[in-house]
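Trainee:
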Amino acid sequence: MCLMATIWSSAWSLPDPVLWARGNVAAAKGVGAIAIRIIEPYTLTESTVPTSKHRLLKIVVAAGAFAAGVSPASDFPEWAYPSCAALKARSTSDQARPVSVPVPPRALSPDKKACGYCHLQDGNGRPENAKLAGLPASYIIAQVRAFRAQQRKAAQPGWLPTRLMVDATTDVTDEAIASAADYFSRQPAKSFVRVIEQSRVPAHVVSCFIFAASPGSELSLGSTIVELPVDDARFERRDPHATYIAFVPRGSIERGRRLALTGDQGRTQPCATCHGPALKGGKDSPGPALAGRFPTYLFRQLYAFQTGARREDAAQPMQSVVAQLTQQDMIDLAAYAASEAP
Ligand code: HEC
Ligand code: HEC
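Per the numbering used here: the sequence shown = residues 1 to 342.
(1) Taking one C-beta from the stretch 187-201 and one from the stretch 125-142 each time, how about it: are there three or more such pairs within less than 8 Å?
(2) Quickly, what does DSSP pair F247 with across the bridge? List them, please.
(3) Could you give the residue range of the beta strand (DSSP E) that holds F209?
(4) Our contact map puts Y303 next to A80 with C-beta atoms below 8 Å; I'd like the distance itself, whole angstroms only.
(5) Thinking R255 and S199 are a contact (beta carbons under 8 Å), I'd like their distance in whole angstroms, please.
(6) Below 7 Å CB to CB, which residues in the same chain sit around A242 once its five sequence neighbours on both sides are set aside?
(7) Does DSSP put V201 in a helix, a strand or coil?
(8) CA-CA distance, L120 and S217?
(9) What do you get for T296, buried or exposed, if any count of 16 or more other CB atoms within 10 angstroms of its CB means buried?
(10) How close, in whole Å, do the beta carbons of G276 and S285 come, if the pair is a contact with beta carbons under 8 Å?
(11) Run through DSSP, which three-state label would S217 get?
(12) Distance check for A168 and A114, CA to CA, integer angstroms please.
(13) Can you tell me where the alpha helix (DSSP H) holding P82 begins and where it ends?
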């Protein structure tokens, strides 16, 4: 279970952290939802060891903010941005090293800042980062530059995975980025996620930037996506063949398919126009492939275009696509695209 969640729960007898991570403000009686927003800027970095002093500070700051009546946007999709209180312990354990290193190009090494550490050696990525395999090299280069220039951010300010991506780009030469982009663009895109429609889902808790199954009774999915590894140990080992299940709301895949196909009378635009037939991308499409990618990742991107967190010039075509979409639409589109073969 998330470390901070444990502290909060014991301090104020909050309900299960999953409830607030999923934005269930009512169930958390307001306090939990505020707490998770305030804590985020203090989330551990790789160089920050949690001391009891840090924890106390967080609690004091959050309690003060609560008293002052600071409240987050009530519809912020917290569920799409799981945190990770135990990052330090996890990323320094031997298990967190890549399991296999196929002859890497220069930009790849077992170093934690190497692209393959996060996006995995074959570039098929994990739900908290992104699938790079098979994306056009020019698109990969443009995105890395956008992160470096801070034109591409996460919609949740300071969300650690995105911050670490930015860190990874700061001291990389253009030549190294080009070589990494060339390498990842040649890797075959594969899907490791099974998308399942269900209104009640197994008990789960916030793990490290993702959910993990836990003992307990089923929970209602509501209007969210719960994506989690089938086998936590393989996820922790950064096994490139680890598989995932994404629970999505009932009916979302078909709703997403219809919306993607028709644009619903101008509410949005047919996605295949720019993302290629069956959303598989390709040489003639201005947008990257979407099929078979992690649905939580896809949702975060749609939401980032809408909030303006992702606003580099090349992202302009997406602004009008998302302008009128609801979060439910974005969940539907993500569920549909993720369920297609890459
Ligand atoms: C510490 C982990 C980490 C490292 C190291 C890392 N990335 Fe990332 N990368 C991420 C995360 C997390 C995201 C998603 C960020 C978001 O969506 O806000 C991302 C996103 C991307 C994207 C966007 C993909 C898309 O479909 O738009 C590209 C391209 C990318 N990374 C390339 C690279 C390259 C090249 C390197 C090596 C120079 C690298 N990354 C190193 C974590 C990392
Ligand atoms: C007019 C062209 C156009 C249309 C129509 C369009 N897109 Fe896009 N989309 C793009 C471009 C271009 C990008 C890359 C933006 C960038 O470089 O930052 C993109 C990026 C994205 C991304 C981020 C991908 C990644 O790897 O991070 C998602 C998700 C996405 N689009 C979903 C959709 C969906 C869903 C639809 C249909 C409802 C759609 N798009 C319709 C042009 C389009």
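All C-beta atoms, glycine included, are put in the ideal place defined by N, C-alpha and C. Keep in mind it's a predicted model, so treat the numbers as computed, not measured.
Mentor: Concretely, from the data shown:
(1) yes
(2) I196 and V226
(3) First-last for F209: undefined, no H or E at that position.
(4) 7 Å
(5) About 14 Å; that fails the 8 Å criterion.
(6) F192, P229, D231, R234 and F235
(7) strand
(8) 33 Å
(9) buried
(10) 4 Å
(11) coil
(12) 7 Å
(13) Segment: none, P82 is in no alpha helix (DSSP H) and carries neither H nor E.
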